[in-house]
Amino acid sequence: MLQNPPAHVRSILILQTKFIGDLVLASALARNLRLQYPKARIVFLCEANFASFLLAHGIASDVVAFRRVRMRGTPVQRGRELYAMVRALRRFRFDLTIDLADSKTSRIIVRLVNAKTRVGYDPPEKPLRWLHASPLTS
Numbered sequence: 009m010l011q012n013p014p015a016h017v018r019s020i021l022i023l024q025t026k027f028i029g030d031l032v033l034a035s036a037l038a039r040n041l042r043l044q045y046p047k048a049r050i051v052f053l054c055e056a057n058f059a060s061f062l063l064a065h066g067i068a069s070d071v072v073a074f075r076r077v078r079m080r081g082t083p084v085q086r087g088r089e090l091y092a093m094v095r096a097l098r099r100f101r102f103d104l105t106i107d108l109a110d111s112k113t114s115r116i117i118v119r120l121v122n123a124k125t126r127v128g129y130d131p132p133e134k135p136l137r138w139l140h141a142s143p144l145t146s
């Protein structure tokens, strides 16, 4: 488990935005986190359609929802939705974020939320094409 003692983790953000099946699988993670950190608030970031499911089944303490349609809209719509989402998330002052979504957007959100501990996939930067070009032959 994490190096932080349970007393220091008061709020946890889990990012899982795509499918209901993924949220069901993430519920096991949330349950285990609840056992390890019984006093922590567990918050999910997910699509608005799934918010009531997470709350009704006690999987999450709170949910910050977004609308995928707006994230796929115009740049202005995307910016507004992202700003509102990050603003809502930062109010929780997370100690730990767990990024299960593994997307460019989720990585941006995790950085903007600025939790003390971040868990997720951190891909290496893509190498520049010219570094891997085959040498010219004459």
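With the working numbering applied, the sequence shown corresponds to residues 9 to 146, in that order.
Every residue, glycine too, gets a C-beta built ideally from N, C-alpha and C.
Since we're looking at a predicted model, the values are computed, not measured.
| Asked | Found |
| --- | --- |
| On the criterion of 16 or more Cβ atoms from any shown chain inside 10 Å, does V32 qualify as buried, or is it exposed? | exposed |
| Rank V17, A92, I22, H16 by C-alpha distance to the C-alpha of V127 and give the top, closest one. | I22 |
| State whether the region 107-123 contacts the region 92-99, with contact taken as three or more CB pairs (one from each stretch) at a distance under 8 Å. | yes |
| Check for me: the alpha helix (DSSP H) holding I61 runs from which residue to which? | A small correction: the amino acid at residue 61 is Phe; Ile does not occupy that position in the sequence shown. First-last of the alpha helix (DSSP H) with F61: 59-64. |
| Do you know how far the Cα of C54 is from the Cα of R75? | 9 Å |
| Counting only the same chain and skipping the five closest in sequence on each side, list residues whose C-beta sits under 7 Å from that of E89. | F74, R75, R78, M79 |
| What number of angstroms, rounded off, separates the C-alpha of F4 from the C-alpha of Q24? | In the structure as shown, the chain starts at 9 and stops at 146, and residue 4 therefore has no counterpart that could be examined. |
| Could you check what DSSP says for Q24 in three-state terms: helix, strand or coil? | coil |
| Tell me which residue opens and which closes the beta strand (DSSP E) that V84 is part of. | Note, V84: premise wrong, no beta strand (DSSP E); alpha helix (DSSP H) at 83-98. |
| For S142, count the other beta carbons within 10 Å of its own beta carbon; 16 or more makes it buried, fewer makes it exposed. Which is it? | Any answer about S142 is weak, because its pLDDT of 43 lies below 50 and its placement is not dependable; what the coordinates show is given next. Its Cβ having fewer than 16 others within 10 Å, S142 is exposed. |
| Our contact map puts V51 next to V71 with C-beta atoms below 8 Å; I'd like the distance itself, whole angstroms only. | 7 Å |
| Check D107 in the structure and name its three-state DSSP category. | strand |
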